[in-house]
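Scroll down for the structure; my scribbles are underneath it.
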Amino acid sequence: MKYYSTNQSVPEVSFQDAIFNGLPEDNGLYMPESIERLPAEFFNNIDNLSLPEIGYQVAKQFIGNEIDEDSLKHIVSETLNFDIPLVEVEQNVYSLELFHGPTLAFKDIGARFLARCLAYFSDQTQKKSTILVATSGDTGGAVAHGFLGVENIKVVILYPKGKVSEIQEKQLTTLGQNISTLEVDGTFDDCQALVKQSFLDKELKAKYALTSANSINIARLIPQSFYYFWAYKQLKNKNKPMVVSVPSGNYGNITAGLFAKKMGLPIAKFIASTNVNDIIPKFLKSGEFNPKASIETISNAMDVGNPSNFYRLFELYNKDLTSISKELKGVSFDDETTKGTMLEVYKRTNYELDPHGAVGYLGLKSLLKTETEQGVFFETAHPAKFIEVVEEVLDKKVDIPERLAVCMTKEKQATSISNSFDDLVDYIYANL
């Protein structure tokens with residue numbers, strides 16, 4: 000499988016080069032040259048397949064023979080060594096719980112897969128690299144834990160000062176070893192811009208072999224398509240059209256779902272559900288993509304004003320807004336509506352939503368035709384990761400899983416920098 004840049008001004012590369020490069024030199028995003036439909040027998044037999052077996056079948060479509068069969072199966076099995084249950088919240092409405100991994104967030108899956116692919120290629124070539132990643136909350140913790148102790152790889156995580164939850168901050172700043180964290184005086188978009196600027200600095204990128212673990216890295220997206228198939232497998236009635244609502248910030252998660260649909264997964268409709276950072280919903284209505292400064296909300300992982308994966312979304316549909324709009328709907332909700340839904344759902348069903356899952360639920364309910372469709376929304380993080388908000392809204396104590404409680408006792412280790420590129424460069428030269 001070859002990968003091309005969405006800007007289409009540099010040569011195609013292999014999967015290995017795509018994940019080590021992170022971004023193409025023309026500042027585009029890597030896309031697979033083709034997305035093939037899985038054979039009919041795969042879907043006919045899906046009820047008999049395990050999650051790792053599904054993951055392997057999907058992954059090999061994107062990787063080909065660059066990773067041998069036994070190694071790829073091992074990578075996928077290690078990535079998916081925890082449950083991803085589909086929970087019925089109410090009739091025809093299901094929550095796909097993506098928070099049962101090490102850091103209790105959906106990004107564990109993409110980060111673990113990427114870490115293991117990079118480790119495989121690094122072992123083969125003895126190539127050293129530096130992961131440079133921006134986070135609005137959950138990505139940082141997932142990447143930190145996914146790469147912790149991996150030989151030949153150093154990780155530098157940038158996060159916006161005061162704009163992640165205390166638990167999220169502790170998860171990414173308390174590990175040490177090959178993990179370093181930078182507390183940036185700015186927004187997530189500032190952090191993301193610094194990362195992109197670093198990749199465009201040819202001298203810096205070459206000297207430190209920079210690559211990314213954000214969803215701009217194609218190996219983050221590929222494994223996120225696995226659990227769309229897993230959700231479909233768990234549905235009892237596969238004849239009723241399936242609608243999926245995805246809490247969306249940088250739009251990597253929903254892009255992975257669109258990959259799955261291109262591979263033949265029968266999803267009738269996608270809903271990009273977001274908070275007041277509503278760049279994509281507005282684009283789907285107007286046809287105009289207008290990035291802007293992000294607005295801080297209680298669903299901070301979606302506080303993105305310039306979503307990178309927009310360009311992959313656009314590319315998937317040959318830049319045809321009409322085609323995109325047929326399969327993808329966009330909706331947005333403010334904090335008060337989100338809080339009200341968290342409380343209402345808990346009182347009615349006893350199900351605890353985190354703020355992101357609540358936005359996903361809201362989007363699903365707003366567009367689902369319950370008489371003829373069944374809907375799945377993604378619960379992307381454990382409620383305990385946003386404990387202050389959830390406890391205040393639900394007026395109850397939230398159980399904190401032990402692995403979260405342990406990290407809260409550890410001391411934060413982070414370096415403060417401004418949102419100036421010079422500050423980031425100075426840190427890299429002084430510390431790596």
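In terms of numbering that gives the first Met the number 0, the sequence shown has 252 at position 253, counting the first letter as 1, and numbering is strictly consecutive. Ideal placement from N, C-alpha and C gives every residue a C-beta, glycine not left out.
Check: Selection from 129, 17, 277, 367 that minimises the alpha carbon distance to residue 332; Outcome: 277
Check: CB contact flag (residue 160, residue 177, <8 Å); Outcome: no
Check: The beta strand (DSSP E) enclosing residue 3, as first and last residue numbers; Outcome: 1-4
Check: Any alpha helix (DSSP H) of 4 or more consecutive residues that is wholly inside the stretch 182-265; Outcome: 187-199, 201-207, 217-223, 225-233, 251-261
Check: Cutoff 6 Å; reference residue 54; Cβ partners in own chain excluding five residues on either side; Outcome: 75, 79, 225
Check: Nearest candidate by alpha-carbon position, reference residue 122, set 96, 146, 151, 108; Outcome: 151
Check: Sequence ranges, alpha helix (DSSP H) only - wholly within the stretch 62-146, length at least 4; Outcome: 68-78, 106-124, 137-146
Check: The stretch 8-22 touching the stretch 63-72, judged by at least three CB pairs closer than 8 Å; Outcome: yes
Check: Backbone CA spacing between residue 148 and residue 19 [nearest angstrom]; Outcome: 18 Å
Check: Continuous alpha helix (DSSP H) stretch holding residue 15: start and end; Outcome: 14-20
Check: Endpoints, beta strand (DSSP E) assigned at residue 30; Outcome: 29-31
Check: Three-pair Cβ contact test at 8 Å for the stretch 112-128 versus the stretch 329-347; Outcome: no
Check: Residue 322 versus 182, 2, 286, 422, residue with shortest Cα-Cα distance; Outcome: 286
Check: Simplified DSSP assignment, three categories, for residue 153; Outcome: strand
Check: Straight-line Cα distance separating residue 258 from residue 264; Outcome: 9 Å
Check: Close beta carbons around residue 307, own chain, < 6 Å, minus the five adjacent residues each side; Outcome: 215, 249
Check: First and last residue of the uninterrupted alpha helix (DSSP H) at residue 344; Outcome: 334-348
Check: Proximity winner among 165, 363, 382, relative to residue 374 (alpha-carbon distances); Outcome: 363
Check: Residue 170 burial status per 10 Å Cβ neighbour count (16 or more: buried); Outcome: buried
Check: Assigned exposure category for residue 39 - 16 Cβ within 10 Å defines buried; Outcome: exposed
Check: Cβ-based neighbour list, residue 254, same chain, cut-off 7 Å, excluding 5 preceding and 5 following; Outcome: 220, 308, 311, 312
Check: Of the listed residues 207, 48, 252, nearest to residue 97 (C-alpha basis); Outcome: 252
Check: Straight-line gap, residue 37 to residue 262 (C-alpha atoms, nearest Å); Outcome: 6 Å
Check: Where the beta strand (DSSP E) containing residue 331 begins and where it ends; Outcome: 327-331
Check: Local Cβ density within 10 Å of residue 143, reported as buried at 16 or more and exposed below that; Outcome: buried
Check: Residues near residue 291 by beta carbon distance below 6 Å, same chain, minus five either side; Outcome: 304
Check: Opposing strand residues paired with residue 374 [DSSP bridges]; Outcome: 92, 242
Check: DSSP-derived helix/strand/coil call for residue 415; Outcome: strand
Check: Sub-8 Å separation of residue 203 and residue 424 beta-carbons; Outcome: yes
Check: CB-CB length for residue 131 against residue 33, believed under 8 Å; Outcome: About 29 Å separates the two Cβ atoms, so there is no contact after all.
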